[in-house]
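Chemist: Just so you know, the protein sequences line up as chains A and B, in that order. Be aware that the first sequence starts at 99, since it is given in the numbering used here, and climbs by one per residue. Be aware that the second sequence starts at 99, since it is given in the numbering used here, and climbs by one per residue.
Number of protein chains: 2
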Amino acid sequence: MGTPDPVRRSERARTAVLESTIDLCRADGFARMTIEGIAERAGVSKKTIYRWWSSKGEVLLEALAGRAEIAAAFPDSGDLVRDMCAQTMSVVELLSPQETSPYASLVAEGQRDPALSAAIRTRLVDPFIARFDERMHSAVAARELPASVDLGVAVDLFYGPIYHRLVFGLGLPDGPQLETRVRHVVAALRSGGVPRPPAG
Amino acid sequence: MGTPDPVRRSERARTAVLESTIDLCRADGFARMTIEGIAERAGVSKKTIYRWWSSKGEVLLEALAGRAEIAAAFPDSGDLVRDMCAQTMSVVELLSPQETSPYASLVAEGQRDPALSAAIRTRLVDPFIARFDERMHSAVAARELPASVDLGVAVDLFYGPIYHRLVFGLGLPDGPQLETRVRHVVAALRSGGVPRPPAG
Chain A
99 MGTPDPVRRS ERARTAVLES TIDLCRADGF ARMTIEGIAE RAGVSKKTIY RWWSSKGEVL
159 LEALAGRAEI AAAFPDSGDL VRDMCAQTMS VVELLSPQET SPYASLVAEG QRDPALSAAI
219 RTRLVDPFIA RFDERMHSAV AARELPASVD LGVAVDLFYG PIYHRLVFGL GLPDGPQLET
279 RVRHVVAALR SGGVPRPPAG
Chain B
99 MGTPDPVRRS ERARTAVLES TIDLCRADGF ARMTIEGIAE RAGVSKKTIY RWWSSKGEVL
159 LEALAGRAEI AAAFPDSGDL VRDMCAQTMS VVELLSPQET SPYASLVAEG QRDPALSAAI
219 RTRLVDPFIA RFDERMHSAV AARELPASVD LGVAVDLFYG PIYHRLVFGL GLPDGPQLET
279 RVRHVVAALR SGGVPRPPAG
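#1: Give every residue of the same chain whose Cβ lies closer than 7 Å to the Cβ of residue 253(B), excluding the five residues on either side of it in the sequence, and list them in chain order.
#2: Identify which residue in 286(A), 273(A) and 121(A) has its Cα closest to the Cα of residue 162(A).
#3: Are the C-beta of residue 185(B) and some C-beta of chain A separated by less than 9 Å?
#4: Could you list which residues in chain A have their beta carbon closer than 9 Å to that of residue 218(B), in chain order?
#5: Strictly under 9 Å for the Cβ-Cβ distance: is residue 128(B) near chain A by that measure?
#6: Between residue 261(B) and chain A, is the shortest Cβ-Cβ distance under 9 Å, so that the two count as touching?
#7: For residue 124(A), I'd like the list of residues in its chain whose CB is within less than 7 Å of its CB, leaving aside the five on either flank, ordered along the chain.
#8: Using the rule of at least 16 other Cβ atoms within 10 Å of the residue's Cβ for burial, across every protein chain shown, is residue 154(B) buried or exposed?
#9: Between the Cα of residue 117(A) and the Cα atoms of 142(A), 288(A) and 152(A), which residue gives the shortest distance?
#10: Give me the subset of the region 238 to 250 of chain A whose CB atoms are less than 8 Å from a CB atom of chain B, sorted by chain position.
#11: Are residue 292(A) and residue 247(B) touching if we call contact CB-CB under 9 Å?
#12: Against chain B, with Cβ distances strictly below 9 Å, would residue 223(A) count as a contact?
#13: Return the Cβ separation of residue 182(A) and residue 280(A) in integer angstroms, given the expectation that the two are a contact with Cβ distance under 8 Å.
#14: Give the single residue among 261(B), 286(B) and 217(B) whose Cα lies nearest to the Cα of residue 88(B).
#15: Checking contacts by CB at 9 Å: is residue 285(B) closer than that to chain A?
#16: Kindly list, in the order they appear in chain B, the residues whose Cβ is closer than 9 Å to that of residue 210(A).
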């Protein structure tokens, strides 16, 4: 009502910083982005940013943690192949185009900064895997997967192809390529793998 | 015979630079390593290094290209599961421990530097995939895999789990974890994936 509202002003500053970080990362790339540049674009002081975060990697993680909710959505239509095609495609979209994707920059930066990597696991990866596991349990309940399914194998096989292609710049998979991979992974999980030879 | 031999001296300097790069990368990490530090340790001038390479990433790639031959060896005992367990383990060993592995640093740096990434593909990834494809063809000839096997799917599924765990610091797979994944992948490739529903 005309009185200053520091809480709301602070919230506006936070939002401006996070949005400016995404914009700058996309425009200039993570390496060229600076805290100074973010502050200038957001109309706040560097001190304000450093009050909340200790590095540009941490600001970017915070900016993406909200948006990455999209990729942590696991559709459950009762058709595991279709749902995992849609889910893995949403991850590919987050990472595309690789050259300017803020999420791809965050993944790369995490490999150079163990503290940031730990924060990424806590904020993004662990909640993602928890929702993934829920979707797999639902597939077991629907008898689309055996109860003995190895969830660690499942997450590595569904998402491994994306990150294998990402780290070597081999081109992220398109829809048909993802579908072929998802169909192979579902077959693998149903089979439980080729059997070990009998002992002795 | 007592006369100076510039070719041999130059070769010794090259070797000293490449070995110093691996040592420094392992000791200090890629981020803290400098061309100046490499020159000092190798007993050459910075100018000598810049005559051959344009960045510390390029020096590291050259230093690893020789050693990575080890991981590009594809045993062919006639037992695909056993051979791929050994092969993927040799890749895990190159990347271990992740915090100080020069190869893991190179993979991370490639994601920030498109020119280095292209050089990594030419020097390391393309020859690796060519040998991988040969091993898969041999498995087809031995009727361990169907002739219709999709080699792009195969390479993504065999190596994806390693790189998925690498990029998120989830801990590289140990021997039993690799074997479980390899057994799943071989089952997937034999099945060709769960079938698409008939059109119409």
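No residue lacks a Cβ here, since even glycine has one placed at the ideal position from N, Cα and C. The structure displayed is predicted, hence computed values, not measured ones.
Modeler: On the basis of the supplied data:
#1: 227 and 230
#2: 121(A)
#3: no
#4: 266 and 267
#5: yes
#6: yes
#7: 198 and 200
#8: buried
#9: 142(A)
#10: 248 and 250
#11: no
#12: yes
#13: 5 Å
#14: No statement about residue 88(B) is possible, as the shown extent of chain B runs from 99 to 298 and does not include it.
#15: yes
#16: 127, 128, 129, 203, 206, 207 and 210
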